[in-house]
Structures are given as C-alpha cells and as structure tokens.
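In what follows, a structure is listed as structure tokens, so that the remarks can point back to it.
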Amino acid sequence: MVLDIFILLCLLVLTPQTVIAVDKGNFKTCSQSNFCQRNRNLPEGEPRYHVFPSSVTPEPDKGILSFHIKDNNGVTLFAVLQTLQQGILRFSLKEFHPVPTHERFSPSEFSLDNEPTKLPFKVLSQSDTQIYIQNGEIQAQIEFSPFQLSALREGQPFVVINKRNLMNFEPFMSKDDWNASGVDVEGTWEENFKSHRDSNPFGPSSIGIDVRFLGAKHLYGLPEHSDGLSLSDTKSDGGDPYRLYNLDVFEYEVNNRMALYGAVPLVYSIGANGSNGFFWLNAAETWVDVQKVSDGGDSVVGSLLNSVFNSGGSSYIDTHWMSETGLLDFFILPGPTPSSVSEQYSQLTGVTPLPALWSLGYHQCRWNYKDQEDVAQVDANLEANLIPYDAIWLDIEHTDGKKYFTWDANKFPDSIAMLDKLAERNHKLVVIIDPHIKREDNYRIYKELKERGYLVKSSDGSSDYEGACWPGGSSWPDFLSQEVRQYWSECYLVENYSGSTSNLHVWNDMNEPSVFTGPEVTMHKDAVHMGGWEHRDIHNLYGLLVTLGTYEGLLMRSKHQERPFILTRSVFPGSQRYSAVWTGDNEASWGHLKIVVPMVLQMGLGGIPFVGSDVGGFFKHPSPELLVRWYQVGAYSPFFRQHAHIDTPRREPWLFGEDNLRIIRDAITDRYQLLPYWYTLFYLHTQSGAPVVRPLWYEFPEDYNTWDMYEQAMVGSAIMISPVTEIGQASQEVYFPDEDSIWYDKKSFVRFTGGETRSVSTPLDKIPVFLRGGSVIPFRMRVRRSSNPNPDDPFTLYVVLDGKQEASGCLYWDDGHSFSYKDGNYLIREFSYKNGEFSSAAGATSGGFSTKSWIERILVIGLKGKPIKVALSSSGDELFTKWDLDSKTLEIRKPVENIKTDVKIRFSF
C-alpha cells in the first residue's frame, strides 16, 4: 500500500519534463501472463479434441449444426456452427455441463448490433469421419478426429481452424481436479505481478484456437497497436504476440505490439484467395500470434512464381488466438474482397451512425483552457485569424476538484453564458467526463452511486472497489448493469447537469478503465461486477459500456432529436455505434506522426471509421515544421483535433509566425472545402461498413504493390494522400496504384499514370493529395467560420476524368444535425460524365430534403481537348465556360440553379 501511494503521488505530479517514455516494466509480457504461456507452449500437431459422430445434429432449416467434442482427458464440450448471411460462419464452444456458479461470459449483447440472421444450409455429405455443408457460395467441412473446421469456396479451402491442433479449452474445475490433470497449479489459481495479486477464484479457464489463412500474403487488423499496417510475424522475430487488453499507456512507443487503449480482435487477409476475415468475439485479455509461411517459396520454381505473380504461391499465414476466459466464439468472414469483409463485419457489429456535420470540422483542444476568459480569447483569436473551427474542448481542470458533471465556479462562473456565446457563432463546447468517481461523500454523483449499490465491488463482492485516478481516491460505476447505465444517462440531462446546455458535448477518457494504483494501471481482474462477473470477463468491454450510457444520455437530453457526439479512448467491437475515437497519448515526434496513418487505417478496418490523432502530439512540444505537417495529416483524418498536455507551451495556430499560420489555415480550409465529400463518405459507410479512410490495397486488392504500403492512404475511393512525415523533406516518392488509373495533383492538376512511382515536390506548404480519374467530388468552396453557418451555400463539383473520358460520383446531404433524415429528409445526387455529357440526377433512394443550395461551379479535369460548345442538353442554352490550356481543365460557371435540379450538359468537340 505504501508503494501504491508513492506511485500515485508521482503520477499526480508528473510533468513532461519528468515523464519518460512508457515504462514497459509496468505492463505484462506473454511470459508474465500464465495463460498466455500455457497456450503458447502447447505442443503443435498433437491431436487433443475429437467430435462424437453420433452427436452431430444438423438442423439445416434453422442454420444450426451442433455436436459434442471430447478432449483427451474425457471432458465433453458442446459446439455449435451457425450459417449466417453473406456466407458468414459462426462457431461457438462451451462446457457441456457448465459450472452452475460460473458460466462463460459473452459480450454478444453489447458488441453485436443484432442477433445475426441464420440462413438454411444444405448437407452435401455426412459420414462417421466428417460432415460437409453448403451455405450460399460457401462450404464448411468438419473433420471429426481430430476436430478441424474448414471454410471453402468452390470446394477450395481458404480458412482452416485447428489445423495445428492448438485448440484449447480449460473447463472450470476444482483446484484438486486441476492438479490431478497434471498441470502445475502455481500461477493458475492466483497470479502475482509486481506488488499486485490476482486471486483468480474460479481457476484457469483460458481458451485458444489456431486459424490458418490459406494463400494469404499479408494479414491486417488487431487495432489498437502502434505498429505498421501489415501484421508482423511474431513467431519468427522471437517477440511477444499482439496483445489485446485495454490499457492507459501514455507516450507509447511506436512500432510496438504492446496493448494500447482499444481491442478489436478482427483481421483481414489478402493473397491468392482474395481477402478473408476472422473475428474473435471475446472481452477478456487476449494474445494473438502470427506466423507467415511460404511452402515451396524457397524452391526455384516457387520463387519464380511468387516473384512474377506475388500471389503467395502456396503461402499461408497461421494465427493463434488465446484469451484468458470467456466463451469460445468466432466468425469466419468469407470475403472474397476487402470491401465484402468490412460489409460482413458491419452486418455483425453495426456501423457508425451518420455523425453531425459539425463534428467533422476542426476541433481546438488543450489540457486545459484555464478559465472562461481563456475560452473567449481562443475563440476570438480563431475568428481574428480567419481559422474556421467547430468546437473548443475543456479537459479535467474545468471541474470542481475533478468531480465530473460539475464546474469550477472560480474559473467558469457562468458556463451557460459561455456556451450560449459559442452557440451564437455556430461553435460547440466539448467537455471531459471520465468514469472514475471521486470518493467524496458530499459529491452528489458519488453519494448516489454508493447508496444505490451501483459501484464495482472489490474481490470480496461486498465492499466498493477503490483505486486512484485524477481526483485521488476513486470508485467506478458498474456499467455492465443496465440500471447503472440508465443512471449515468440521466446525469446528462440539462436539469441534472447544472451549468450545461444542449450545446455541450462529451469526451469519455480514461475508460479502459485507467486505475493509477491498479495492476498495469487498470482495474484488478478479480473485481466483481453485477451478476457475479469478474472484471477479467468484461475488461475490454468496459469502455464501450461507458459510451453506451453516455450516448443514451445525450439522446435523452435532446428527446431523440439531435445526433450525439462522443469521443472515447477505449474501444471494442460495437464502439463505433456510439463514439469517435482518437489514438491516445502520443508525443510530438516525427516517429509518432509517421504512425498516425497506419493507426487510423487499423481502426477503419476494425469497423471504427471516426478516428484521428492528437494533432501536434500530446506530450512534448512540436517544432513549427512538425506541427504544420501534422495539421496536413489531421486535415485528411476523419477526426481532426489539436490537443496538448497541460505543461506544454501553448501551440494554437497563430503562435508560430505568419508563414506557418497561413499554411495551417490552408490545411484547415482544405478540410472545410471537402466537408461535402467527407459527409458523403460517412453516409456511404452507413450503407456498407466501408472505412472512410482506407489502405490502398482495400481499393486496389489486385495491385500487389499496395499490399505492404501504409504511408499512403485513400480517402474514400476518389482521393489519395501521401503525407510528409520526415523532417526537412522537400520531395518524396509516391506510388500511383493500378496501371489502368489516372491521377491528378489536387492543386496543379498535373497528371500521373497508375502503376508508376514518381518523385513529387513537397515544400512545406504542399499536402501531397491526388484525385483519382473517374471520380466526381463535391466541394463547398465558400469557407465560413464553422461547418454550416449558411446552409444554402453552393456546391462545386470536380469532374475528374479517367482514360475513357468518364467519371461518376455522388453527394449525400441533409440538415447536418437531426434524425429527420430517417424520415426521408435528405437528398442524394448522382453525378456522371460519359459520352461527352454530364448529368446530375436524384439517387434511386433520394429523399425530400429542401434546400436553396445550387451548383456554383463545375470543374472538368482531364479533358483531351477544349470543347467547341458546352450547353444544356434540354434547351441548347450555352453555358459560360473558361478553358485552361496548361492544366486542361474546363470551368463551367453557375450551371445549375438548385442542387436538386436534374440536368444534363452536352459537350461538343
């Protein structure tokens, strides 16, 4: 206890001058995690699990195939294979006779958007050794002895489960029975780490499975890690597996497989079998080993085939999934393209609902804007320097003694006036609300949570769990309980949250949960939640539960009229339905800037598209060059916020000289001009689950040159970015994917041919952004002081032609803040250029949104020559145009009086 108090005092007084890089000694390695070691040390290839042929019970009409599995010790398990929509296969395994006092926890209720739809299957063959079934275009084969599950397309396997016989299921049993099984008891029924003891009262209950991706060349996913995009081979390099265990890791290292704030146990493969996915649904601590293998790749013929086709030849990637406890439950996502994998995953866990337009703008944040006058001054300076923005943020110092849902009356004497003043200029305020609750009896929130029994309990199951966080001694609401989440939701009502208005929005930080005096800076695993579940069962789910309660509260506050905005640090599958996320406590360094793009891409692939980094780095102080380059990356990240530690020098855009201010302003302006495109991309995400910012290989899976690229990215399907992430970089090599594509520099319209790498000039004021030929991209060029002070502003369309002189695209638009779009109050416009004619028409599902906005300008890029005449097809009326010979662009001015007007424009050559 003395040591814990000392650590707490150190943490509470740390400044950037005393903080060192993350102390990895505070966090476990696999060798310090007993269940990881047990599973990782299993003998490979030794058959351990067998199916009872007589127990195999197909129910084709119900989409369920059940059977019993027995291990070599005689333990019987109950298995279910479900055939789901889009060829998805779901497999689950549990004790045949579960222990009455402690069943297996499943996070399905919270992670899955709905109960997945089961589809009928056909039994193709069945014998005493195997069963073979068909689910749409996908087949599944179960071999009985030893147990093995294969997913096949056209009879060819692409994913094989338990090929290496590493499946492991530790059933709940007594300590005596466990000892009799021949496994050492030490470290299984209790485990020590540094000064902390985990009592593990129910004993070992880990689960594991090996998964082989046949034909795979690369594997991606497992957010959140500060690693490259393509997952490393954890077996060959002698390091640890990837760890999924939500932790508060400040100033984390880059290129590291340590666990961070989020855990999304989902991977994509790419290779000879296209793209497939695997989703492991478990909320406990999880480790994942990755091993890349190429059979025959060392032979002359194999090497030649791989070098010519890069298909992977007979390559495959083995993975080994290990969780401390919980239900063994996973999904095979058959693809066969990256976009179909993301769609299949979104069918299971849901999508990010259409965000409020303002939340896609620029956010100005700091720990902390010190008082009400400071907020007013920052707002005034943003206005005076012509910097558009949508929200100012307040960190923990705005509260009364770090008691959430309160205000420091000396620093913020009239918070409502402050909120109303911001609202007058179409700006929002976002404040932090963390889940650690100060243990102070005169603090209403704590008093009510305590009296109602709503707090997480210690391992004894009766006393409230106590740890330390920013307020000092703290306790944590038990968000696993719907009753507790309901209470939390009601805290956000204006009548309960004194000093708040509807213009206040929410940031849920420290929700891993972060416990300064806990093991690995988090909650003890043997803490108890309602229903008797241990924290070890639900740990990675906790942050999602916090945001679920907050989301419901903001809906209640507006009577379900306004779209909530929440930022979270801790995520799990399903978090995307409630919140945006940022990549945590990074530092102002070029290495951390370089890792932004792959971390954003990881999250997008994990079904969480609304993501960004702390622009400029949270810790330390960026040089002007680093800050400028970070703004350029942030402007093309889905979530765009500058944020900094309390003891760093102020870094608002106007503090770095006029030249840097101009460049930063230009980057922010770029963001606002493209808001119609960003908004449309988020709409398209709601329809298919596609990431908003995506890897090159996601768009170009057949271009193998893109498979290991992560420094470039696609914003939607029409824009490619190649950010500058090196100091003093005056030029850089840019790869233009797909040899059939044409690309154009966004500013100069210089043309590039796909399939080539070109050197591109990158002076400090240059954001390397390229437009893909074949696209129509909507802009709003009249940049205001926020996202939507004038809803009737006009649109500009960039018609970017491909080699066939064609282009297409769309615009989604609505009021930007309410749910009225669900009642048809929206519009979708489909744009195309083909055979010398441009058309704008209502989309097939376009609603009835009313607007006075018009098309102010159409810029056609990539025409082979100047047209003789440009006129409305319906009337023949000629339109005013301006031709630029150098860039071969044609500007058409004021061609359409209302964006909703169907129109065709004929180009005569």
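Under mature numbering (1 follows the signal peptide of the UniProt record, and there is no 0), the letters of the sequence shown match residues -21 to -1, 1 to 888, in that order.
Backbone N, C-alpha and C define an ideal beta-carbon position, used for all residues, glycine too.
Nearest-angstrom beta carbon gap, residue j and residue i [assumed within contact, 8 angstroms]
i	j	result
S537	S481	6 angstroms
V778	F817	6 angstroms
S554	L523	5 angstroms
F749	K725	6 angstroms
L56	E74	6 angstroms
N490	S453	Not really, about 13 angstroms apart at Cβ, beyond 8 angstroms.
L128	I112	Not confirmed; about 11 angstroms, so no contact.
C-beta atoms of residue i and residue j nearer than 8 angstroms
i	j	result
W455	V435	yes
V600	R644	Here residue 600 turns out to be His, not Val, going by the sequence shown. No, the pair does not count as a contact, with Cβ atoms beyond the cut-off.
G194	G250	yes
H622	C448	no
N5	A262	no
V409	V485	yes
E23	L145	yes
I117	P313	yes
C789	G822	yes
D268	T298	yes
I296	S254	no
R764	E403	no
Residue i (DSSP reduced to helix, strand or coil)
i	result
Y231	coil
V500	helix
G166	coil
I756	strand
N171	strand
F6	coil
T328	helix
S667	helix
C344	coil
F14	helix
G200	strand
D387	coil
Residues near residue i in its chain [Cβ-Cβ closer than 7 angstroms; skip 5 each side]
i	result
Q16	C9, S10
R618	Looking at the sequence provided, one finds Phe at residue 618 rather than Arg. So the qualifying residues of the chain are A559, W561, F589, V590, G591.
W833	P773, V875, E876, N877, I878
F123	H29, V30, P32, T108, Q109
L(-13)	For L(-13), the predicted model reports a pLDDT of 42, less than 50, meaning its position is unreliable; a value from the coordinates is still stated below. Counting only Cβ-Cβ distances below 7 angstroms, and skipping sequence neighbours, we find nothing.
L660	V671, G695
I395	G478, T480
N52	S160
D212	V269, Q270, K271
F679	T685, P716, D717
L605	A567, W569, L572
Rounded separation between residue i and residue j - CA only
i	j	result
V507	E445	12 angstroms
S209	H197	6 angstroms
V576	P674	9 angstroms
K845	G241	53 angstroms
L226	Y521	11 angstroms
L842	T860	14 angstroms
S854	F886	14 angstroms
M693	R872	29 angstroms
L336	T648	15 angstroms
F810	I837	11 angstroms
D443	E419	13 angstroms
G329	S321	10 angstroms
V233	Q691	18 angstroms
T741	L640	18 angstroms
R423	D488	21 angstroms
Q120	L131	8 angstroms
Own chain, CB closer than 6 angstroms to residue i, minus 5 neighbours either side, in chain order
i	result
G340	D369, S766
F728	I840, S866, T868
D439	none
T736	E712, Y714
G596	N565, E566, A567, H571
H514	M502, K504, A506
Residues of its chain near residue i, where Cβ-Cβ distance is below 8 angstroms and the 5 sequence neighbours each way are ignored
i	result
P99	P39, D40, K41, G42, T62
G733	F715, P716, D717, E718, D719, S720, I721, W722
N475	F384, E469
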